[in-house]
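Contents: one structure, followed by commentary.
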Amino acid sequence: MFRKTHIRGNIHLAALLAGFIGGWDASASFFIFPDIRDNFAGGDAATASWVLNISNVVGAALLLQAGRFADSAGPYKIYKFGTKLFILGMILSTFAPSIWLLIATRGLAAVSQALMGPAAVALVIRHGGRGKESESIGRWGFYTAVAGFIAPLIVTQLISIFSWRSLFGLQVPLGLLVLYCLWTDDPPNEDNRFFQVDRLGSILTIAGLSCLILPIVKSNSWGFTSRRSLLLFVISIALLSLLVRKSFNSDTSPLQIHLFSNTNFSLACGMSLFAGIAFYAHWLAVLLFMVEIWEFSIVKSGLLLTLMPASMSFFSVWFGKIADFKGFRPVVIPGLVAYSSLFLLMWIFISEEPGMPITIPALIGSGIGMASVWPTLTSIGASGTDDISIGSATSVVHTIQRIGGALGIAIVLAVTSSLSDSGNFYAHRSAILIMPIAGALTLFLALFLKDS
Numbered sequence: 007m008f009r010k011t012h013i014r015g016n017i018h019l020a021a022l023l024a025g026f027i028g029g030w031d032a033s034a035s036f037f038i039f040p041d042i043r044d045n046f047a048g049g050d051a052a053t054a055s056w057v058l059n060i061s062n063v064v065g066a067a068l069l070l071q072a073g074r075f076a077d078s079a080g081p082y083k084i085y086k087f088g089t090k091l092f093i094l095g096m097i098l099s100t101f102a103p104s105i106w107l108l109i110a111t112r113g114l115a116a117v118s119q120a121l122m123g124p125a126a127v128a129l130v131i132r133h134g135g136r137g138k139e140s141e142s143i144g145r146w147g148f149y150t151a152v153a154g155f156i157a158p159l160i161v162t163q164l165i166s167i168f169s170w171r172s173l174f175g176l177q178v179p180l181g182l183l184v185l186y187c188l189w190t191d192d193p194p195n196e197d198n199r200f201f202q203v204d205r206l207g208s209i210l211t212i213a214g215l216s217c218l219i220l221p222i223v224k225s226n227s228w229g230f231t232s233r234r235s236l237l238l239f240v241i242s243i244a245l246l247s248l249l250v251r252k253s254f255n256s257d258t259s260p261l262q263i264h265l266f267s268n269t270n271f272s273l274a275c276g277m278s279l280f281a282g283i284a285f286y287a288h289w290l291a292v293l294l295f296m297v298e299i300w301e302f303s304i305v306k307s308g309l310l311l312t313l314m315p316a317s318m319s320f321f322s323v324w325f326g327k328i329a330d331f332k333g334f335r336p337v338v339i340p341g342l343v344a345y346s347s348l349f350l351l352m353w354i355f356i357s358e359e360p361g362m363p364i365t366i367p368a369l370i371g372s373g374i375g376m377a378s379v380w381p382t383l384t385s386i387g388a389s390g391t392d393d394i395s396i397g398s399a400t401s402v403v404h405t406i407q408r409i410g411g412a413l414g415i416a417i418v419l420a421v422t423s424s425l426s427d428s429g430n431f432y433a434h435r436s437a438i439l440i441m442p443i444a445g446a447l448t449l450f451l452a453l454f455l456k457d458s
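Numbering (the numbering used here), first residue to last: 7 to 458.
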């Protein structure tokens with residue numbers, strides 16, 4: 007009895023650490039970009055941007071299929087394999103001798119995280135128990151937030167002392183810790199369910215999502231309305247339409263259409279798009295404003311931005327417990343009201359002179375918004391499905407979040423560059439308006455959630 011409890015705790019910790027890994031990588035990546043651009047890519051920002059963009063492209067393309075693998079082969083097996091691949095990707099990234107090899111190894115790491123994500127969520131929910139999905143995912147969110155809090159503090163210092171390679175090198179022992187937690191002579195009993203890979207569906211998924219996400223992440227250099235971007239958007243719509251049509255009659259499709267019969271699941275997908283836009287945009291928009299307008303150093307900006315994940319870590323588990331007990335609406339709606347209102351006030355009153363009385367409440371409000379929405383969307387996706395579909399359901403939500411995140415970053419860059427002729431301050435101030443608009447759209451969809 008004691009041994010089973012001990013093993014269960016280790017596996018649970020290993021699954022929660024996937025949230026830490028995701029939070030660390032996402033937060034720290036913003037801070038290593040200038041160093042990679044200037045000291046490794048020869049000042050070529052377009053090429054260096056692929057170090058960041060490749061994660062969104064690969065992640066969005068593979069998450070749906072990864073969710074199906076987790077449901078079929080078992081989340082423990084897929085998570086363990088993904089962790090080994092993650093360690094390899096981080097080692098290769100640390101010692102990459104050229105920018106394009108670094109991009110390739112970052113792509114390998116993105117594959118590993120796509121495999122780890124849905125499997126880890128399924129393990130977290132399994133160990134937390136049914137009826138406590140929101141609390142379980144809230145704990146996942148806590149680990150993500152803690153990583154988001156400490157990553158800027160550590161990485162900015164390491165970059166100033168060493169280089170960007172330290173970010174990837176630090177993640178190797180973290181991956182080894184996860185692997186140690188998963189190492190047991192008595193692994194979970196996972197029945198391998200027969201799963202025939204839908205090859206055509208997989209090709210349609212990967213190609214369709216790649217054609218969708220690629221022009222989004224490259225919009226700053228290509229333009230949304232360029233011939234190349236429009237062609238890829240048309241191809242994406244055609245391929246994904248074929249996927250949806252095929253999925254109606256296929257039990258093995260990466261996209262499980264029956265999930266959308268649940269109203270809350272469909273709403274969570276829509277909310278994920280707008281929340282992804284808001285939550286990714288606020289990192290970049292506020293960081294650029296502090297550096298470009300207030301002329302803060304990257305270290306000082308990183309210290310201030312840690313208020314967002316710090317406040318998220320304080321509220322995420324508590325909000326999860328409330329969602330399990332009271333329902334989703336009492337958590338999501340107040341959080342989005344606070345998020346949208348405080349960023350709207352920041353947009354109204356911000357000036358060219360540093361103004362902490364309006365900035366700090368907005369940063370804290372963003373953490374509250376993330377704590378109330380980000381983990382809850384995953385738990386909504388999981389709560390309306392059976393145990394054998396958790397990976398598929400949460401991977402749909404996470405895929406849409408990735409698309410929204412890429413859109414958020416692209417919109418910030420498009421706004422700041424297109425309005426630069428009107429003045430640097432006006433352009434960067436306009437980018438802050440993205441957050442209250444996207445937050446309000448997320449709030450509108452949240453009003454229709456059903457608390458079951």
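The C-beta atom is built at its ideal place from N, Cα and C for all residues, glycine as well.
The structure displayed is predicted, hence computed values, not measured ones.
Taking contact to mean 3 or more Cβ pairs, one atom from each stretch, closer than 8 Å, check whether the region 265-283 and the region 116-135 are in contact.
no
Which ranges would you report for the alpha helix (DSSP H) in the region 295-322 if only whole runs of at least 4 residues count?
304-311
First through last residue of the alpha helix (DSSP H) which encompasses PRO367:
For the purposes of this step, residue 367 is taken as the residue at position 361 of the sequence shown. First-last of the alpha helix (DSSP H) with PRO367: 362-389.
Given ALA24, which residues of its chain have a CB within under 7 Å of its CB, disregarding the five upstream and five downstream residues?
Numbered from 1 along the sequence shown, position 18 holds the residue referred to as residue 24. Cβ within range, chain order: MET122, GLY123 and ALA126.
Out of ILE354, PRO315, LYS327 and ASN62, which has the shortest C-alpha to C-alpha gap to ILE370?
Indexing the sequence shown from 1 puts residue 370 at position 364. The option with the nearest alpha carbon to ILE370 is PRO315.
Excluding five sequence neighbours on each side, which residues of the same chain lie with their C-beta closer than 8 Å to the C-beta of ARG408?
Counted from its first residue, the sequence shown places residue 408 at position 402. ASN62, GLY65, ALA66, LEU69, ILE219 and GLY282, listed in sequence order.
The region 321-331 touching the region 397-407, judged by at least three CB pairs closer than 8 Å:
no
By a C-beta neighbour count over all protein chains shown, 10 Å radius and 16 as the cutoff for buried, is ARG9 buried or exposed?
Residue numbering aside, residue 9 sits at position 3 when the sequence shown is read from its first letter. Residue placement at ARG9 cannot be trusted, given a pLDDT of 43 that sits under 50; the coordinates are not used to answer.
Determine the DSSP secondary structure at GLY45, reduced to helix, strand or coil.
As a first step, residue 45 must be located in the sequence shown, where it is residue number 39. The sequence as given places Asn at residue 45; Gly does not occur at that position. Looking at ASN45 - three-state DSSP - the assignment turns out to be helix.
Measure the beta-carbon distance from PRO340 to GLY144 and round it to whole angstroms, keeping in mind my assumption that it falls under 8 Å.
Counting from 1 along the sequence shown, the entry for residue 340 is found at position 334. Counting from 1 along the sequence shown, the entry for residue 144 is found at position 138. 16 Å between Cβ atoms; not a contact.
Cβ pair LEU455, GLY333 closer than 9 Å
Here the question's residue 455 lines up with position 449 in the sequence shown. Here the question's residue 333 lines up with position 327 in the sequence shown. Yes, the Cβ-Cβ distance between LEU455 and GLY333 is below 9 Å.
Whole angstroms is fine: what's the gap from PRO4's alpha carbon to LYS90's?
Shown here, the chain extends from 7 to 458; a query on residue 4 therefore has no answer.
Touch test, the region 173-187 against the region 206-216, Cβ-Cβ under 8 Å, three pairs minimum
no
Tell me which same chain residues have a C-beta within less than 6 Å of the C-beta of LEU188, skipping the five on either side of it?
Locating residue 188 in the sequence shown gives position 182, where the first residue counts as 1. Correct list, in chain order: ALA20 and LYS86.
Comparing C-alpha positions only, which one of SER317, PRO221, ILE386 and ILE299 sits nearest to ALA420?
Sequence index remark: in the sequence shown, residue 420 carries index 414 (1-based). When each option's Cα is compared against that of ALA420, the closest is PRO221.
Skipping 5 residues on each side, what residues in its chain have a beta carbon closer than 7 Å to that of VAL297?
Taking the sequence shown and counting its residues from 1, the one referred to as residue 297 is at position 291. The answer, listed in chain order, is ILE304 and SER307.
Which class does ARG136 belong to by DSSP, given the choice of helix, strand or coil?
Indexing the sequence shown from 1 puts residue 136 at position 130. Three-state DSSP puts ARG136 in coil, outside helix and strand.
For ILE42, collect the residues of the same chain with a Cβ closer than 7 Å to its Cβ; drop the 5 residues on either side in sequence, then sort them by chain order.
The residue labelled residue 42 in the question sits at position 36 within the sequence shown. These residues qualify, in order along the chain: ALA54, VAL57 and TRP170.
In whole angstroms, what separates the C-alpha of PHE36 from that of PRO363?
As a working mapping, residue 36 is identified with position 30 in the sequence shown. As a working mapping, residue 363 is identified with position 357 in the sequence shown. Going by the C-alpha atoms only, they are around 25 Å apart.
Segments assigned beta strand (DSSP E), at least 3 residues, entirely inside the region 66-107:
none
Which runs of the alpha helix (DSSP H) spanning at least 4 residues fall entirely within the region 135-181, listed in chain order?
139-167
Using 9 Å as the limit for Cβ to Cβ distance, is ALA110 near chain C?
Protein chains in the displayed structure number just one, and chain C is not present.
For SER426, I'd like the list of residues in its chain whose CB is within less than 8 Å of its CB, leaving aside the five on either flank, ordered along the chain.
Counting from 1 along the sequence shown, the entry for residue 426 is found at position 420. Once the five neighbours on either side are set aside, the close Cβ partners of SER426 are ALA433.
Output the distance between the C-alpha atoms of THR269 and VAL402, rounded to the nearest integer angstrom.
Locating residue 269 in the sequence shown gives position 263, where the first residue counts as 1. Locating residue 402 in the sequence shown gives position 396, where the first residue counts as 1. Near 14 Å, if we compare the C-alpha coordinates of VAL402 and THR269.
CB contact flag (ALA128, GLY397, <9 Å):
Indexing the sequence shown from 1 puts residue 128 at position 122. Indexing the sequence shown from 1 puts residue 397 at position 391. Yes, the Cβ-Cβ distance between ALA128 and GLY397 is below 9 Å.
Between the beta-carbon of PHE75 and the beta-carbon of ILE84, is there less than 9 Å?
For this step, residue 75 is matched to residue 69 along the sequence shown. For this step, residue 84 is matched to residue 78 along the sequence shown. Taking 9 Å as the Cβ cut-off, PHE75 and ILE84 qualify as a contacting pair.
Cα-Cα separation between ALA446 and LEU351, rounded to whole angstroms
Here residue 446 refers to the residue found at position 440 when the sequence shown is read from its first residue. Here residue 351 refers to the residue found at position 345 when the sequence shown is read from its first residue. The alpha-carbon atoms of ALA446 and LEU351 are separated by roughly 14 Å.
Is it buried or exposed for TYR345, if we count other Cβ within 10 angstroms and need 16 for buried?
Position 339 of the sequence shown holds residue 345. Buried, by the Cβ-count rule.
ASN59 - DSSP class collapsed to helix/strand/coil:
On the sequence shown, residue 59 is found 53 positions in, with the first residue counted as 1. DSSP places ASN59 in helix when its eight states are reduced to three.
Range of the contiguous alpha helix (DSSP H) that encloses TRP228:
As a position in the sequence shown, residue 228 is number 222, starting the count at 1. Unbroken alpha helix (DSSP H) run through TRP228: 225-228.
With a CB to CB cut of under 6 Å and the five nearest residues on each side skipped, what residues in its chain are close to THR391?
Taking the sequence shown and counting its residues from 1, the one referred to as residue 391 is at position 385. Closer than 6 Å at Cβ, skipping near neighbours: ALA399.
So the alpha helix (DSSP H) TRP353 belongs to, where does it begin and stop?
Within the sequence shown, the letter at position 347 stands for residue 353. It spans 335-355 - the alpha helix (DSSP H) in which TRP353 sits, taken as one unbroken run.
With a CB to CB cut of under 6 Å and the five nearest residues on each side skipped, what residues in its chain are close to LEU439?
As a first step, residue 439 is located in the sequence shown; it is residue number 433 there, counting from the start. Only TRP353 meet the Cβ criterion.
Can you tell me where the alpha helix (DSSP H) with PHE6 in it begins and where it stops?
Look at the range of the chain in this structure, 7 to 458, and you will see that residue 6 is not part of it.
For PHE271, which three-state DSSP category applies?
Reading the sequence shown from its first residue, position 265 is the one you call residue 271. Helix, per DSSP.
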